[in-house]
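Chemist:
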Amino acid sequence: MVIEARPVAVEMRAIVKRFPGVLANDRVELVIRSGEVHALLGENGAGKTTLMSALCGLYRPDEGEIYIARSDDERPQPADIGSPRDAIQLGVGMVHQHFRLVANQTVAENVILGLDGTPLLLDMKSVGERLLALSEKYGLRVDPETFIWQLSVGEQQRVEILKLLFRGAEILVLDEPTAVLTPNEAAELGKTLRRMCAEGKAVVFISHKLDEVMSFCDRVTVLRDGRNVAALATGDTDKAALAELMVGREVLFRVEKEDTEIGEVVLSVEEVCALNDKGFPALQDVSLQVASGEVLGIAGVSGNGQRELAETVTGLRGTTGGRVFVRGRELTDQTPLRFIRAGVSHIPGDRLGMGLAGNLPVSDNLIMKAFRQAPLAAGPFLSKPAVSIFADRLIKAFDVLTPSRSTPARNLSGGNQQKAILAREISTGEEHGDAGATVLVAVQPTRGLDVGATESVRRALLEQRARGSAILLVSEDLDELLALSDRIAVMHAGRIMGVVTGSETSMEEVGLMMAGEMV
Amino acid sequence: MRMAFSIKLEKRLRSSRWMAILVSVASVMLAFLLGAVLLTVFDADPWDTYRAMLQGAFGTSEQWQEGQFYSVTETLVKAIPLILTGLAVSVAFRMLFWNIGAEGQLVMGGVAAAGVALWFPTLFPFVPLSPWVYLPLMIVGSVLAGAAWALMPALLKSFLRVNEIITTLMLNYVAILWYQHLFNVIWKDPEGYGFPGSAEIGEFAQVPRFSGRLHWGLGVAVAAAVLLWVVLDRMRWGYEIRLIGENATAARYAGVSLGRNIVMVMLLSGGLAGIAGMVEVAGISHRLQQGLNVGYGFTGIIVAWLARLNPWGVMLVATLLAAMLVGGDQIQITMGLPASVALVLQGAILFCVLGGDMFTRYRLRLVRKSPQVRGTTPMV
C-alpha cells in the first residue's frame, strides 16, 4: 500500500510548548499513519522529545491540538492527554531513553506494575504466558521469570516495548532507542518494528542518526530549533539531503578569514579511545593534530563522540587508550587543572551545565580559571577589589551585556553568557600559555545564539587564530565549520572518517562523511 | 459549561535576598501560629505560654533591674554548642555534602577533651598544669577527634562514592556507644560511689566562667564564626566550596578537585563539631558523663538550614533556638506544660521554613482551565 493512502493514526496540529526562556516547540505539525515507522529527526534541542512528551502526556502543550484515531476505520478524534495514563488509554506509549524498570523485580512483575484493573490476587502464570505469546509474535525474546538486573540493556529495552504492547499500545514512541544498542541489537530492533507495522501499529522513532532513519523508517519529519523543516518519505530523499535539512541554518554569512602562518603542532592526539557516560566506547583510535594558527573543525552529527573528544583533550574524561600531547608534553589522563596550566582553554557545549555556575554572579564566573594567580589571589585569600577590576575589564573588553558584575550569570541572555565564557577562556589562555601557543577547544560555540552574538563569537575565535592559538572547533553547523576551519575532520561513531581542507571541500562531501561514509 | 481554576507553580525568574528574608520571617510566624493552635488544643493560653517562654529565655524586666541575668546566660550557654555545630553543618552543606554526623563528631570531640584533661597529667607530667597550656591542648585534641570522625565518611565518599548521609548518620551511634562505654566502664571514677561518669577534670582544664554558668566557650564560638566567614567569603578555598555547591561540573571544569575538597571541608566541619564537644565538657559538665549527646549535633542541622548556611545567621539562629530550649524548660515549671513544646515549635519552624523556601523560587498563579472533554488525572 502506498504510505500516503494509509489511515492517519495521530495528528498533532500547531503544537507550542514554552519553557522559561525557551520556545521548545513552535507550531509544530506531525502526521503519523498506522503501519509506518515515522522518524522524528533533529539535532539535540530541536524539540523532538518535547513534542513526543506532549503526545504521551508528560507535558501539556501550551497551544495546539492532538487528534488520535482509536481504530483504522475511524477518523482521528480530538484527544485530551493530561497524563501518561490518559495516553496509554488512547493507545499511545513511549519508551524513554532512560528505562523505567524496577531492577529487583522480574520481567513479568515489571510489565504489570501500575496496570489498571490488576486483580488483588495476581495470576503471574497467565501473565507470563501472555508475555511469552507477545514476545514470540514480535520477536522480542525475554524470559518473563528473570530479574531486570540480570538483563542486558538491549533486553531491558525489549521489556519496555513489551510493557507497552501488553497494555495494548497501537502507537509506540521510541526515544533514541538505538543509542544504547550494539549494531546487531539495532538490526534486530528494526525487524521487530517491521513486524509491529505489519500489524497496523504506528511507530515514532526519535533519532538524530541518519543511517537508522534511512534503513528503518518509512517517512521522516525533520525538526530544527523547535520548528518543522520538512516531512517527506525516506524513499524520496538521501542521507546528505537529510543532513542538510537537519543541521542547515537559514542565515548564511561569511566572516573574513585572514591567511595565517600555520606554525608547529600544539595539540596532538594519538589513537585515543574513551568511553561515554554510559560506559560504551565513544572514541575509537582517534588521532589528530592542531597547529598554531590553525582552526581544526570537527564535523559530525551530534552524539558521535565530539563531546567526548573535547572532554578528553581538556582532562575532563579519562582515556582507555592512546595519548594526548600539548606542545610535545604528554598530558594523557592528567587533571583538568594540569590542562588549564598548560594553556588549554575550553568553551564547553553545555553553557549552564558546565561553563557557568548560574546562581553565582558574573564576576565569580569570570574568575573561575584565573582565581589561583595574582592579582586575583593574594596568598590564600581572594582580593575582592582585584576581582572587581578583573571582571569589569573582561565585561568591557568582550562587550558582555549585563546589568552589573554581581548579576547572577543565569539571568544573562545566551549570547552574553557565551561572551562571558569566551572572555574568561581567552584571557586565561593568554595568562597560562606563557610557554608558547595556547589551545582553545570550542564546542558548539554559537549554538542558540542570535546572528549578532554568533558573529562576535566567530570573530573572537578567528582573532585567537591570528594570534597563534591552536583551535579545535566542534560544531554541528556545517556553514560555521566551512567558514572558520582550515581543515575539517569528520567524526562518525567515534571515529575520524577523514580530514578535508576547509577551502576545497563541499557541504555535500562533509555531509556524506557525517553519515558514515569514507571518502 | 463550568469554568475551573487551578493553581499553577511558576518559577521566579529572579529571587531577591529580601524575598528570602521576608519568607523566613513569615515562615517562623506561621510556625508560632501553628504552635498556638496546638497549645489551644491542650487548653493552654498561647499568648501566656509564649510570654512565659520569652521571659524564661531572656528574663523579666524586674530580674534585669535586680541584676539577675540567669535566664540570658543560660540561653547563651546553650547557644555555644549550637553555634559550633551549626557552623560545622553549614560548611559541609555549602558544598552539598550532607554531614548528618555532627552529633557523633561533637561526642568524639568531648571524649578527646576529657581524655587530654584526665590522662595527660600522668602521661606527660612535665606539661605545666595551666589552663593556658591545657585548654589549647584540649581544643587541638577535640578538633583532631572530630575531624577524624568526619574523615571516614569523607574518604568513603571521595574514593568509593559511598552515600555520606548513611555513613555520617551511622557513625553517630558508634561514637555515642563508645563514649557511653568510656564513662560507664573504662574511665569510670573509682571514687564516684558507683555513679556513672569519669573523675572531674582539674581546674587547669576547665573553661573559666564569667557570669553564672556562662563560660568563655562563647568567645571560642564567636571566633569560629568569624573565622569561618573569612574562609567562606574571603579565601580562595571558600570560592572553591561555593563553586562546588553551585555547580560541581563547572567546578571540575575549572580545575577544582572535588575529592580533595570533600576531605578538607569535612575535616573543618568535624573539627568545629569537635570543639562543641570540648566546650561542653570543659565548660559545663567538667567530666565525661551522661548528657553530652543531647542532640546539639542534630539541632545544628536546623540552625544551619534556618541561617541559610551563613555564619552570622548561625549565631543569630543558634541563640534563638537556645532561647526556645531554655524557655521551654521554663514553661515546664511555671505553666506545667511539657518542655517538649519547644521541640514541637522547633519542628514546626523547620517545616514552615523548608516549605516556605519554595515561595522564594516559585510563585503561585491562578490559571483558568479549559473545559475538560473527559476527566483527566492531574499532571504530576
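Note that the protein sequences, when read in sequence, are chains X and C. Residues 39 to 557 (our numbering) make up the first sequence, in order. Residues 1181 to 1560 (our numbering) make up the second sequence, in order. All C-beta atoms in this analysis are idealised placements derived from N, C-alpha and C, irrespective of residue type, glycine included.
Can you grab the Cα-Cα spacing for the pair F291 (chain X) / T492 (chain X), in whole Å?
Modeler: Here F291 (chain X) scores only 43 on pLDDT, less than 50, and its place in the model should not be relied on; the value that follows carries that caveat. If you take the alpha carbons of F291 (chain X) and T492 (chain X), they lie about 10 Å apart.
Chemist: Is A498 (chain X) close to chain C, meaning its C-beta is less than 8 Å from at least one C-beta of that chain?
Modeler: no
Chemist: Exposed or buried, which one is P1518 (chain C) when buried takes at least 16 other CB atoms within 10 Å?
Modeler: exposed
Chemist: With H, G and I counted as helix, E and B as strand and the rest as coil, what does DSSP make of M1444 (chain C)?
Modeler: helix
Chemist: Who does E368 (chain X) pair with in a DSSP beta bridge?
Modeler: X:F363
Chemist: Cβ closer than 9 Å: which chain C residues qualify as neighbours of L326 (chain X)?
Modeler: Those do not exist, as L326 (chain X) stays about 22 Å from chain C at its closest Cβ, beyond 9 Å.
Chemist: Check the Cβ-Cβ distances between L1423 (chain C) and every residue of chain X, and say whether any is below 8 Å.
Modeler: Closer than 8 Å: yes.
Chemist: Spatial neighbours of V1307 (chain C) within its chain, please: CB distance less than 7 Å, with the 5 preceding and 5 following residues excluded, ordered by chain position.
Modeler: For V1307 (chain C), where only same-chain residues beyond five positions count, the Cβ hits under 7 Å are F1300, V1313.
Chemist: So with CB distances below 8 Å, who are the chain X contacts of R1416 (chain C)?
Modeler: Contact annotation for R1416 (chain C) against chain X: F409, R410, A415, P418, F419, L420 [CB-CB distance below 8 Å, chain order].
Chemist: Which same chain residues end up closer than 6 Å to H384 (chain X) when comparing Cβ atoms and leaving out the 5 residues on each side of it in sequence?
Modeler: The answer, listed in chain order, is T352, V479.
Chemist: State whether the stretch 1427-1447 of chain C contacts the stretch 1221-1241 of chain C, with contact taken as three or more CB pairs (one from each stretch) at a distance under 8 Å.
Modeler: no
Chemist: Report the option in C:W1358, C:V1296, C:Y1476, C:A1379 whose CA atom is closest to the CA atom of L1523 (chain C).
Modeler: C:Y1476
Chemist: Taking 8 Å as the CB-CB limit, is Q1542 (chain C) close to chain X?
Modeler: As written in the sequence, residue 1542 (chain C) is Tyr, which differs from the Gln given in the question. Not closer than 8 Å to any Cβ of chain X, the Cβ of Y1542 (chain C) fails to qualify, so no.
Chemist: If you measure between the beta carbons of V251 (chain X) and V258 (chain X), is that distance less than 8 Å?
Modeler: yes
Chemist: In chain C, which residues lie less than 7 Å from I378 (chain X) when you measure between Cβ atoms?
Modeler: G1435
Chemist: So, does the CB of T373 (chain X) fall closer than 8 Å to a CB anywhere in chain C?
Modeler: Chain C contact via Cβ: present.
Chemist: Following the continuous beta strand (DSSP E) through M50 (chain X), name the residue where it begins and the one where it ends.
Modeler: 46-57
Chemist: Exposed or buried, G264 (chain X), counting other C-beta atoms within 10 Å across all chains shown (16 or more means buried)?
Modeler: Buried, since its Cβ has 16 or more Cβ neighbours within 10 Å.
Chemist: Identify each residue in the stretch 381-399 of chain X for which the Cβ-Cβ distance to at least one residue of chain C is less than 9 Å, and report them in chain order.
Modeler: H384, P386, D388, L390, G391, M392, G393, L394, A395, G396, N397, L398
Chemist: Within the same chain, show all residues whose beta-carbon is closer than 7 Å to that of V1560 (chain C), passing over the 5 residues directly before and after it, in chain order.
Modeler: Note that V1560 (chain C) scores a pLDDT of 31, beneath 50, so its modelled location is shaky and nothing firm can be said.
Chemist: Using only the alpha-carbon positions, how far apart do S121 (chain X) and M1495 (chain C) sit?
Modeler: Approximately 47 Å, taken between the alpha carbons.
Chemist: Answer with buried or exposed for T156 (chain X), where buried requires no fewer than 16 other C-beta atoms within 10 angstroms of its C-beta.
Modeler: exposed
Chemist: Based on Cα-Cα distance, which residue from X:K407, X:G549, X:E226 lies nearest to R253 (chain X)?
Modeler: According to the sequence provided, residue 253 (chain X) is Ser. The question's Arg does not apply to it. Nearest option by C-alpha distance: X:E226.
Chemist: Of the residues C:V1354, C:T1240, C:A1487, C:I1346, which one's Cα is nearest the Cα of L1500 (chain C)?
Modeler: Minimum Cα-Cα distance from L1500 (chain C) among the listed residues C:V1354, C:T1240, C:A1487, C:I1346 corresponds to C:A1487.
Chemist: To the nearest angstrom, how far is it from the Cα of D93 (chain X) to the Cα of T184 (chain X)?
Modeler: At residue 93 (chain X) the sequence reads Leu, which differs from the Asp that was named. When rounded, the distance between both Cα atoms is 32 Å.
Chemist: Is the stretch 1328-1344 of chain C in contact with the stretch 1268-1283 of chain C, if contact means three or more CB pairs nearer than 8 Å?
Modeler: yes
Chemist: Could you spell out the range, first to last residue, of the beta strand (DSSP E) harbouring Y105 (chain X)?
Modeler: In the DSSP annotation of this structure, the continuous segment of the beta strand (DSSP E) that includes Y105 (chain X) starts and ends at 101-106.
Chemist: Relative to chain C, which residues along the stretch 169-180 of chain X have a C-beta separation below 9 Å, given in chain order?
Modeler: Cβ proximity to chain C below 9 Å picks out nothing from the stretch 169-180 of chain X.
Chemist: Could you pull the start and end residues of the alpha helix (DSSP H) that C1532 (chain C) belongs to?
Modeler: 1520-1541
Chemist: What is the DSSP secondary structure of L290 (chain X), counted as helix, strand or coil?
Modeler: Residue placement at L290 (chain X) is flagged as unreliable, the pLDDT there being 39, under the threshold of 50; the coordinate-derived value follows with that caveat. Of the three classes helix, strand and coil, the one that applies to L290 (chain X) here is coil, per DSSP.
Chemist: With distances taken between CB atoms, is the gap from A1294 (chain C) to V1461 (chain C) smaller than 8 Å?
Modeler: yes
Chemist: Using a 10 Å radius around the Cβ and a threshold of 16 neighbouring Cβ atoms, would you call A435 (chain X) buried or exposed?
Modeler: exposed
Chemist: Suppose the cutoff is 7 Å on Cβ atoms and the five residues either side in sequence are ignored; what does the same chain contact list for G331 (chain X) look like?
Modeler: T298, E299, I300, G301, R503, G506
Chemist: Taking beta-carbon pairs under 8 Å, can you tell me which members of the stretch 1258-1279 of chain C lie near chain X?
Modeler: Within the stretch 1258-1279 of chain C, not one residue has a Cβ closer than 8 Å to any Cβ of chain X.
Chemist: Report the rounded CA-to-CA distance for K55 (chain X) versus V48 (chain X), giving the unit in angstroms.
Modeler: 18 Å
Chemist: Output yes or no for whether 8 Å exceeds the beta carbon distance between P418 (chain X) and M1415 (chain C).
Modeler: yes
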